[in-house]
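Below is one structure; the comments refer to it alone.
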Amino acid sequence: MGPFPQNEILLATPEGGELRIRSFCTPEQIRQLNFDRQFGTHAHYRSLYTRRESLEKIAATPDASVVLAIADGKHIVGFGVLAYPDPEERWAQLGPLLMEVNAIEVSRPWRVRRIGKAIVRMMMVHPLIDEKIVYFVGYSWTWDLDGNRLSAQQYRRMMEKLFEPFGFQEYETNEPNLCLKPENIFMARIGARVSAEDQNRFKWLRFGMTP
């Protein structure tokens, strides 16, 4: 199904500029924008996506929504990716039922402006959202603790507060990578039209089992 209609939020910046938060950005639109250099490699942190072309590729996949925070009409300062999980991951075993918040990041100079919350909001206006279980995996070793001046536990709580208003809650799982550190977190939002049977399948999947 798709393509889906784009949605957009306009935010004012303290400098008097304009910031657009836009969903379902197409590869062609992304190609016309500049990618902030802060999405790169720092001393203790590496962005998940360091090249604009990676976002273009995801934007071309079925049902995916690449949400961009665009400053002055041309500069990408934040992004969120909602897409189906990699086929090799545990979470792909239920087919198109599950979608992943694959990434959410705001460039260091643009943080503390509630841009992250606006990006999540735009991901959640996906037309299929109530038919899906949308999940988020947080691995503490991927977090920019230095850039945010937070401990791993403080960052974890920040992510909880970011996603909880949109219907996400924490779920237990025995997924090995998540179990490596107590700071890691697994959150999910179960759509209103997800059947009890599919919810049960999701419960068993979290523990690598079949009913």
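Following our numbering, the numbering of the sequence shown begins with 1 at its first residue and continues without gaps. Ideal Cβ positions, reconstructed from N, Cα and C, are used throughout, including at glycine.
May I ask you to list the residues that DSSP assigns as paired with Thr41?
-> Arg46
What is the DSSP secondary structure of Met122, counted as helix, strand or coil?
-> helix
Along the beta strand (DSSP E) that carries Met99, what are the first and last residues, could you check?
-> Leu98 to Val106
What is the rounded straight-line gap between the Cα of Lys181 and the Cα of Ser140?
-> 8 Å
From the DSSP output, read off the bridge partner residues of Asn177.
-> Its beta-bridge partners do not exist; DSSP assigns none.
Using beta-carbon positions only, say whether Gln153 and Glu183 come within less than 7 Å of one another.
-> yes
Buried or exposed (CB count within 10 angstroms, at least 16 for buried), His44 = exposed
According to DSSP, is Asn34 helix, strand or coil?
-> strand
By Cβ distance below 7 Å, which residues in the same chain neighbour Thr26 in space, the five residues on each side in sequence not counted?
-> Ala59
Run through the segment 155–206 for me and flag every whole beta strand (DSSP E) of 3 or more residues, listed as ranges in chain order.
-> 185–190
Beta strand (DSSP E) containing Gly80: first to last residue?
-> His75 to Ala83
Roughly how many angstroms lie between the CA atoms of Ala83 and Ile30, to the nearest whole one?
-> 16 Å
Distance CB(Val77)-CB(Met123) smaller than 7 Å | no
Do Gly147 and Arg113 have their CB atoms nearer than 7 Å?
-> no
Other residues of its chain near Thr210: CB distance less than 8 Å, five sequence neighbours each side excluded = Trp204
Residues in its own chain within less than 6 Å of Leu128 by CB, not counting five upstream and five downstream?
-> none
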